[in-house]
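Input: a single structure, listed below in structure tokens.
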Amino acid sequence: EEFQSQLKKARSVMLSKQAKQRTQLAERHKKQVESDEKKVEEGIKWLTQRQRAELERRMQQHQKDAQRLGLTQERSATEWNKVSFELQSRHSHQYQQFEAKKS
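In the working numbering, the protein residues as written are 200 to 302.
The following block contains the structure:
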């Protein structure tokens, strides 16, 4: 009977330790997920700033090129639409890659 009592006690201690380890593991996992989400959010902010700066640079360059080449306003707008569309497509793809990392 004493053996049974010791066995119950040992089992109880073991189950208690396992529960504590599971809780600690769950907390570590939660912190890691939060850290990963924060990094992705920071990456998206950085990407957005970089894309905005690139769009601004390309717009300024396009305006200089249009003036230098003497393009009509209509031709300049048509060319900018092409450049802008390509940039937006690339930026959209980059953003989707970051969003995929979020999941």
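Glycine included, each C-beta is placed from N, C-alpha and C at the ideal position.
- One thing to note: tryptophan 279 has its Cβ no nearer than 7 Å to the Cβ of histidine 290.
- One Cα belongs to lysine 207, the other to aspartate 235, and the distance between them is close to 42 Å.
- Under the 8 Å Cβ criterion, the stretch 280-288 counts as touching the stretch 253-268, having at least three qualifying pairs.
- Note that the C-beta distance between valine 239 and lysine 300 is below 7 Å.
- Rounded to whole angstroms, the separation of the alpha carbons of arginine 249 and arginine 227 is 33 Å.
- In the structure shown, glycine 269 falls within a coil segment according to DSSP collapsed to helix, strand and coil.
- Comparing C-alpha distances from histidine 292 to each of Ala276, Leu246, Glu200 shows the shortest one belongs to Leu246.
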